[in-house]
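Heads up: the structure comes next, in structure tokens.
Residue numbers (our numbering): 800 to 931.
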């Protein structure tokens, strides 16, 4: 007589929720990682553009390019903020762009986690030989 009759069905019933949670966790980690890369790309692009812009339009151009970059990349963010600052470090003018977003975790509520807030910063030296 086979004592293990039906044990495979019990194992499947027990392990299925574990596999589902594992897949949801993988989706969550992927979404957060992609959002972090999008943020860093937006900050880098905005800092590069702002460093080549005129002083009076530097903040506006940097923020505009950051928002455009996030739109074009199909953002995984619910809310998005940009801060563009100019500063002088040892006589060298720099522009620093900080981007921040709250990651969209819609559809991943099985894990019971809140939407994380991510931040990325990029600094570029202001181009003194930029076009007038």
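Think of the CB as a built atom: it goes at the ideal place given N, C-alpha and C, for glycine as much as any other residue.
Item: Would you grab the beta carbon distance between residue 881 and residue 896 for me? Rounded to a whole angstrom, and I think it's under 8 Å.; Value: 7 Å
Item: Using the Cβ count rule (16 or more neighbours within 10 Å means buried), how would you classify residue 830?; Value: buried
Item: Which residues does DSSP list as the beta-bridge partners of residue 920?; Value: 897
Item: Could you spell out where the beta strand (DSSP E) holding residue 850 opens and where it closes?; Value: Residue 850 -> not in any beta strand (DSSP E); alpha helix (DSSP H) instead, spanning 806-851.
Item: Where DSSP assigns a beta bridge to residue 886, which residues make up the other side?; Value: 893
Item: Residue 867 bridges to which residues according to DSSP?; Value: Per DSSP, none; premise fails for residue 867.
Item: Residue 853 to residue 840, Cα distance in whole Å?; Value: 22 Å
Item: Quick test of the definition: if touching needs 3 or more C-beta pairs under 8 Å, does the stretch 899-906 touch the stretch 863-877?; Value: yes
Item: Going straight from the alpha carbon of residue 892 to that of residue 884, what length do you get?; Value: 11 Å
Item: Can you tell which of 816, 824, 807 has its C-alpha closest to the C-alpha of residue 912?; Value: 824
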